[in-house]
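Take the position in the sequence shown, starting the count at 1, then add 1; the result is the number in the numbering used here.
A virtual CB, placed ideally from N, CA and C, is assigned to each residue, including glycine.
None of these values were measured; they are calculated from a predicted model.
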Amino acid sequence: MKIALVSPYDWVVAGGVNSHCARLREQFVERGHQVRIIAPASRRIDEPDVVTIGKRPLSVPASGSLARISLSLTLAPAVERVLAEERFDIVHVHEPFMPVLPIHFLRYSEAVNVGTFHASREKHQFFYTWGRRHLQRWFRRLDGKIAVSPAAARYVEEYFPGYYNIIPNGVDVERFSAPAPPMPELADGKLNILFVGRPEKRKGLDYLIRAFALVQRARPDTRLIVVGAGKFDRYERQARARGLHDVLFRSYVPYEELPRYHHSAHVFCAPATGFESQGIVLLEAMAAGLPVVASNIDGFAGVLTHDVEGLLVLPGDPERLAGTLLQLLDEPERRRRMADEGRARAQEFGWPRVSQQVLSYYERLLHERSLTGPPARAEPARAG
2 MKIALVSPYD WVVAGGVNSH CARLREQFVE RGHQVRIIAP ASRRIDEPDV
52 VTIGKRPLSV PASGSLARIS LSLTLAPAVE RVLAEERFDI VHVHEPFMPV
102 LPIHFLRYSE AVNVGTFHAS REKHQFFYTW GRRHLQRWFR RLDGKIAVSP
152 AAARYVEEYF PGYYNIIPNG VDVERFSAPA PPMPELADGK LNILFVGRPE
202 KRKGLDYLIR AFALVQRARP DTRLIVVGAG KFDRYERQAR ARGLHDVLFR
252 SYVPYEELPR YHHSAHVFCA PATGFESQGI VLLEAMAAGL PVVASNIDGF
302 AGVLTHDVEG LLVLPGDPER LAGTLLQLLD EPERRRRMAD EGRARAQEFG
352 WPRVSQQVLS YYERLLHERS LTGPPARAEP ARAG
């Protein structure tokens, strides 16, 4: 098959969707398929199978974070050109309605069009509410629809009812499950609680710091390790203001080094307050053999069963979070049992398995197209 993987996000910036596309490409190429990634980029990309369309991406608020997307109104000719030159069998757009590159591909592609919906929100999405009527024409151009979790499917179904094939994000199980030397400075006999995430309010780190103050009061032999892609200045000030010691912040840790932190920890904590469609950080921790304490929100509860791979706690409650962490810290045998269950659960999300599910879906859609022919094309007036 000849496959286009279209991301709306600046390819220079690491993120969940871009990582997802990169790993799908890797898996597809290993199976003998031709793959092009198409995305905007803020600088030149020297990768032969990456086609950049859209310069100077802008940062816009999205799902409690910032997304770097191209809002250029002059992308259409480049999209038409790459479609004519490449003649893809599959055009797979990620976040199909994120402005504006995926919409252009849905507008012009005559291939089998597949869309993956990654996002989940607990509140209404203004863009979907406002633009639902206008986006319907592009929704009808999707031959197949994927949601990365039941939470993501419920969210998009509220605006665009239909059948969504649930195929999760993959996890690099082998990387996180492989033995990794712990950080020497963290192997001093203290019980380490690990947080991995960006310094965004929705990740709930402020609640974890408040909870850790209570944990450390009950168990002085504990340490909180905060790791992520960003600077944690505000949270460092919060920890100092509370007089906390043994809180270690590590900013901009390379992905390749993450497993060493997992293998230095005893419990993983994900206190996010919402906007999580799938608990990838939970699955990475589970693959590394860590029991998990996580917020009881849709995206996390979809991958972790309470009292099996870890414990779920209502979000935004530092006292309850502290009590739950102390439960696990006080019960090493329970931690070991949950670690074993977590390793087994994480295997279900390995990239070889996930990528094959996507390929099998492509094959079904191509077969259906061979029987029915392409759908009627609803062409709006050209806008650039």
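Where arginine 370 is concerned, the enclosing alpha helix (DSSP H) starts and stops at 352-373. Take the alpha-carbon of arginine 211 and the one of proline 319: they are about 6 Å apart.
Runs of alpha helix (DSSP H) with 4 or more residues, each lying fully within the stretch 194-248, are found at 206-219 and 234-242, listed in chain order. For the pair of segments examined, the stretch 326-342 was found to touch the stretch 204-219: the number of CB pairs separated by less than 8 Å reaches three.
Collapsing the DSSP output to three states places glycine 317 in coil.
The residue among Val80, Pro353, Ala79 and Ser60 with its C-alpha nearest the C-alpha of leucine 72 is Ser60. As DSSP reads the structure, asparagine 297 sits in no beta bridge. Beta-bridge annotation (DSSP): alanine 40 is paired with Thr53.
In the structure shown, the three-state DSSP call for tyrosine 164 is coil. Unbroken beta strand (DSSP E) stretches of 3 residues or longer found wholly inside the stretch 84-155: 91-95, 113-118 and 145-148, given in chain order. The beta carbon of arginine 336 lies closer than 6 Å to those of Pro292 and Leu329 in the same chain, with the five residues before and after it left out. Rounded to the nearest whole angstrom, the CA to CA distance from aspartate 207 to glutamate 87 is 48 Å. Boundaries for leucine 74: no alpha helix (DSSP H) harbours it, and the DSSP string shows neither H nor E there. Counting along the chain, valine 282 sits inside the alpha helix (DSSP H) bounded by residues 281-288. Sorting Tyr256, Phe89 and Val14 by C-alpha distance to the C-alpha of histidine 34 places Phe89 at the top. In the structure shown, glycine 17 adopts helical secondary structure according to DSSP, grouped into three states.
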